[in-house]
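Have a look at the structure below before the remarks.
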Amino acid sequence: MLVAVKNACREGELKLRERMSKIEIEFKNIARAQTLFGEKGVNLKFLENSLGCEISTRGNLVSIGGEERAVEQSKEVLTTLYELAKERRGVGRAEFEAAVGLLKQGERLDISRLEGACVLARNGKFVHARNEMQRRYLEATRDNDLVFAVGPAGTGKTYLAMAMAVDALLRHEVKRIVLVRPAVEAGERLGFLPGDMAEKVNPYLRPLFDALYDMVELERAQRWISQGSIELAPLAFMRGRTLNKSFVILDEAQNATIEQMKMFLTRLGNSSKALVTGDLSQSDLGSNICSGLEHAIRILEGIEGIETIRFSDSDIVRHPLVQRIVLAYERDGKMRRSVAS
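According to my numbering, the residues represented by the sequence shown are 25 to 365, in order.
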């Protein structure tokens, strides 16, 4: 009996060894390879943690060891991103996250797939989709003129919306970006707030501005605003307008009423796109008022040219704590509802 157990253990160990693999990759361009590895090998560390392998470097030579599948996937990521770097595109954490995300979703990994998961160059680098839902968000926006994006905070809804808008403006696909947000906290009575219109709505559009300033230089962003290439508009001030050749973003749309949402959606003119983002769990309208975002998604489902992307807490890409915080609030909300019923 003991002999049989020992033999089984040896066989198991042998099979485990057979599944392990080790390969070496030599990159011809040392400077490009160092850029690929990242400062102090930070990109390689990310790859190790994501795919469960061990990576070491010596100059432009990379050694990868571990389970055979992880080794092959790591090789695929590194060789593909090295080719991407050849085309003078920046390669950093975002590109590694996009590549690993595609592999984990069972998607084909090549330069064209990575380009399909990116939006625009930011300081020589691309803004990439960091998971499958973000990639679907980008594709939906390319294929449709109206996209609803709903889900919890930290899923990249607003950030990617701004990235796509800036990309469209830089490519001259639109003449202007229009940033819209309900001013629920001010009861839509912005006239009583101090300052000009830009100063009145600035606090409500701050998340969009934060994303904008992360993508383009401050001077260029301010020039766009002063020239009217980027327009700020409270939702209540959209009535009666027609927005032609514009990329329109309605952020925090869960705070729009049904009437406001109808008014906004009917502003869309020729050669324009609209992205409507929001978190249905964080409405400030009050329990007795139906969110215009929820209503619009329900009645417009199935109409050609309109798509809805639904993010979940598993799609959160901020600090890992954010995902755990969202889950904790969801559990608490379920407990409160069960007690109330």
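For glycine and all other residues, C-beta sits at the position ideal for the given N, C-alpha and C.
Closest Cα partner of residue i within the set the options
i	options	result
threonine 266	Ile249, Arg244 and Ser295	Ser295
histidine 196	Ser253, Val151, Thr103 and Met44	Ser253
isoleucine 323	Lys286, Val346 and Asn53	Lys286
lysine 269	Met239, Asp169, Arg205 and Leu236	Asp169
valine 95	Leu194, Lys46 and His319	Lys46
glutamate 100	Asn84, Leu133 and Leu274	Leu133
glutamate 131	Glu156, Arg117 and Arg355	Glu156
glutamate 328	Asn53, Arg43, Val171 and Phe51	Val171
arginine 263	Arg342, Gln278, Leu289 and Leu242	Leu289
arginine 244	Gln278, Leu256 and Leu194	Leu194
phenylalanine 70	Leu102, Arg93 and Ile54	Leu102
histidine 319	Leu299, Ala277, Tyr353 and Thr165	Ala277
Alpha-carbon to alpha-carbon, residue j and residue i
i	j	result
lysine 181	threonine 301	6 Å
alanine 122	aspartate 167	20 Å
glutamate 119	serine 98	13 Å
glutamate 91	leucine 127	16 Å
serine 307	threonine 179	17 Å
valine 86	valine 124	18 Å
isoleucine 333	arginine 159	10 Å
leucine 236	cysteine 77	37 Å
proline 206	glutamine 58	47 Å
glutamate 325	serine 315	16 Å
valine 350	proline 176	7 Å
valine 240	methionine 44	45 Å
phenylalanine 51	asparagine 84	5 Å
arginine 82	lysine 110	21 Å
leucine 75	arginine 154	16 Å
leucine 60	glutamate 48	16 Å
glycine 62	arginine 291	46 Å
isoleucine 54	histidine 152	25 Å
arginine 355	arginine 247	46 Å
arginine 117	leucine 105	11 Å
arginine 93	aspartate 238	37 Å
valine 115	alanine 164	25 Å
DSSP beta-bridge partners of residue i
i	result
isoleucine 321	Isoleucine 321 pairs with nothing; no bridge assigned.
leucine 351	BP columns for leucine 351 are empty, so no partner.
proline 1	In the structure displayed, the chain extends from 25 to 365; residue 1 sits before or after that span and is not available.
valine 171	Leu299 and Glu331
lysine 46	Gly89
phenylalanine 51	Looking at the DSSP assignment, phenylalanine 51 forms no beta bridge with any residue, so it has no partner.
glutamate 78	Gly89
valine 272	Val202 and Ala298
leucine 292	Leu267
Chain-order list of residues whose beta-carbon lies under 6 Å from that of residue i (same chain, five-residue window excluded)
i	result
phenylalanine 271	Ala189, Ala192, Val198, Ile201 and Lys297
isoleucine 79	Leu68, Glu72 and Ile88
glycine 293	Thr266, Leu267 and Asn268
glycine 357	none
aspartate 129	A small fix is needed here, since residue 129 is glutamine in this sequence, not aspartate. Hits under 6 Å: Glu156.
methionine 359	none
isoleucine 321	Phe172 and Thr332
phenylalanine 335	Met157, Gly175 and Thr179
Same chain, Cβ closer than 8 Å to residue i, neighbours up to 5 away in sequence not counted
i	result
glutamine 347	Gly178, Asp337, Ser338 and Ile340
glutamate 283	Gly316
Supposed contact pair residue j and residue i - C-beta distance, whole angstroms, cut 8 Å
i	j	result
leucine 259	leucine 229	Wrong, their Cβ atoms sit about 11 Å apart, outside the cutoff.
leucine 162	valine 143	6 Å
asparagine 279	leucine 309	6 Å
Neighbourhood of residue i by C-beta, 7 Å cutoff - its chain only, sequence neighbours within 5 removed
i	result
leucine 232	Thr182, Met186, Leu203, Ile273 and Asp275
isoleucine 313	Thr281
glycine 65	Thr81
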